[in-house]
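>
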Amino acid sequence: MKIVPYLLIAIRFIFAPIILSIAYFKGDESRFLILGLMYFGLFTDIFDGIIARKVGVSSEKLRRLDSQTDLIFWLSLGFAAYILSPELIQNKWKGILLIFVMEALCYIISIWKFGKETCTHAFLSKIWGLSLLIAFTYLIGFQQAGWAFYLTVILGFISHIDVILIVLILPKWQYDVPSSYHAWKIRNGKQRKKTIFFN
Numbered sequence: 485m486k487i488v489p490y491l492l493i494a495i496r497f498i499f500a501p502i503i504l505s506i507a508y509f510k511g512d513e514s515r516f517l518i519l520g521l522m523y524f525g526l527f528t529d530i531f532d533g534i535i536a537r538k539v540g541v542s543s544e545k546l547r548r549l550d551s552q553t554d555l556i557f558w559l560s561l562g563f564a565a566y567i568l569s570p571e572l573i574q575n576k577w578k579g580i581l582l583i584f585v586m587e588a589l590c591y592i593i594s595i596w597k598f599g600k601e602t603c604t605h606a607f608l609s610k611i612w613g614l615s616l617l618i619a620f621t622y623l624i625g626f627q628q629a630g631w632a633f634y635l636t637v638i639l640g641f642i643s644h645i646d647v648i649l650i651v652l653i654l655p656k657w658q659y660d661v662p663s664s665y666h667a668w669k670i671r672n673g674k675q676r677k678k679t680i681f682f683n
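Heads up: the sequence shown at position 19 corresponds to 503 in the numbering used here, and the numbers run straight through without jumps.
And the structure:
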């Protein structure tokens, strides 16, 4: 069982090139297959953390691997959406650029301060992940943006602000910090660092 969390992360990593390949070679007929892989990928993301804690293998290495795999997985879905509906994505370039800039800022600030990438698994980031699921369902499955896209951009901006605040507030690098409020409590010695219920 101790290897299962790593296998679930590996599945998500392998899905990334598969998603890109079928989007490129299969085109429109691949839409619902990609959605199936997306939902299964989310399933692996939920359970890798749960199982890791159950069997006692949740560690910095695993959590960092999980975070970077998540980034690759969601990027592959973004590029797949562009391959399938380039005009739709191009029309929303401002919102997409904002998210890319915020993501880059999180990495730049964390590496500048701690020499490591972010790995907060914050609560707002989890909410944003669910909004991404909805937005990509609309974009890939039904070639629509609408409210789901704008909700994702708004939540993405807010969640990245929270991550940046976590990084700036923490006195030293830590993983699994639920919010900037928790980072403040850690900084002031009111809460010991611990792995919480997030996957």
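Just so it is clear, CB atoms sit at the ideal spot from N, CA and C, and this is done for glycine as well.
The structure presented is a predicted model; accordingly, all values stated were derived computationally and were not measured.
Quick check: is any heavy atom of the ligand FMN less than 6 Å from the C-beta of methionine 485?
Ligands are entirely absent from the displayed structure, and the ligand FMN is therefore not among its contents.
> Closest by CA to isoleucine 573, which one among Tyr634, Leu517, Trp612?
Residue 573 sits at position 89 when you count from the first residue of the sequence shown. Answer by Cα proximity: Tyr634.
> Apply the 10 Å Cβ neighbour rule to glycine 613 and answer buried if 16 or more other Cβ atoms are within range, or exposed otherwise.
Position 129 of the sequence shown, counting from 1, holds the residue named residue 613. That one is buried.
> I want to know whether the segment 599-609 touches the segment 651-669 - three or more CB-CB distances under 8 Å.
Contact between the segment 599-609 and the segment 651-669 is present, because at least three Cβ pairs lie under 8 Å.
> DSSP three-state call for methionine 485: helix, strand or coil?
On the sequence shown, position 1 is the one that residue 485 refers to. Coil at methionine 485, not helix or strand.
> Among the residues of its own chain, which have a CB less than 7 Å from the CB of lysine 600, if the five just before and after it don't count?
On the sequence shown, position 116 is the one that residue 600 refers to. Around lysine 600: Ser594, Trp657.
> How close, in whole Å, do the beta carbons of isoleucine 638 and leucine 654 come, if the pair is a contact with beta carbons under 8 Å?
On the sequence shown, residue 638 is found 154 positions in, with the first residue counted as 1. On the sequence shown, residue 654 is found 170 positions in, with the first residue counted as 1. So it is not a contact: roughly 25 Å between Cβ atoms.
> Tell me which residues share the same chain as leucine 549 and place their Cβ nearer than 8 Å to its Cβ, disregarding the 5 neighbours each side in the sequence.
By 1-based counting over the sequence shown, the position of residue 549 is 65. So the qualifying residues of the chain are Tyr490, Ile493.
> Which residues in the same chain as tyrosine 659 place their Cβ atom closer than 6 Å to its Cβ, once the five residues preceding and following it in sequence are excluded?
Counted from its first residue, the sequence shown places residue 659 at position 175. The residues are Glu544, Arg547, Cys603.
> Which residue wins for smallest C-alpha separation from tryptophan 631, given the options Ile624, Ala619, Ile642?
As a first step, residue 631 must be located in the sequence shown, where it is residue number 147. Here the closest residue by C-alpha is Ala619.
> Taking buried to mean at least 16 other C-beta atoms within 10 Å of its own C-beta, is aspartate 646 buried or exposed?
Mapped onto the sequence shown, residue 646 falls at position 162. Buried, since its Cβ has 16 or more Cβ neighbours within 10 Å.
> Since glycine 579 is in the alpha helix (DSSP H), which residue starts that stretch and which ends it?
The sequence position of residue 579 within the sequence shown is 95, counting from 1. Its alpha helix (DSSP H) spans residues 577-598.
> The alpha helix (DSSP H) spanning tryptophan 558 covers which residue range?
Numbered from 1 along the sequence shown, position 74 holds the residue referred to as residue 558. It spans 544-568 - the alpha helix (DSSP H) in which tryptophan 558 sits, taken as one unbroken run.
> Compute the distance between the beta-carbons of leucine 521 and leucine 617, then report whether it is under 7 Å.
Taking the first residue of the sequence shown as 1, we reach residue 521 at position 37. Taking the first residue of the sequence shown as 1, we reach residue 617 at position 133. No. Outside cutoff.
> Determine whether the beta carbon atoms of isoleucine 567 and tyrosine 508 lie at a separation below 7 Å.
Residue numbering aside, residue 567 sits at position 83 when the sequence shown is read from its first letter. Residue numbering aside, residue 508 sits at position 24 when the sequence shown is read from its first letter. In this structure, tyrosine 508 lies closer than 7 Å to isoleucine 567 by Cβ.
> When you compare only the Cα positions, how much space is there between isoleucine 650 and serine 514?
By 1-based counting over the sequence shown, the position of residue 650 is 166. By 1-based counting over the sequence shown, the position of residue 514 is 30. Taking the straight line from one Cα to the other gives about 39 Å.
> Does DSSP classify isoleucine 502 as helix, strand or coil?
Here residue 502 is taken as the residue at index 18 of the sequence shown, counted from 1. Helix at isoleucine 502.
> Hey, could you find the ends of the alpha helix (DSSP H) lysine 684 is sitting in?
Limits of the chain in this structure are 485 at one end and 683 at the other, which puts residue 684 out of reach.
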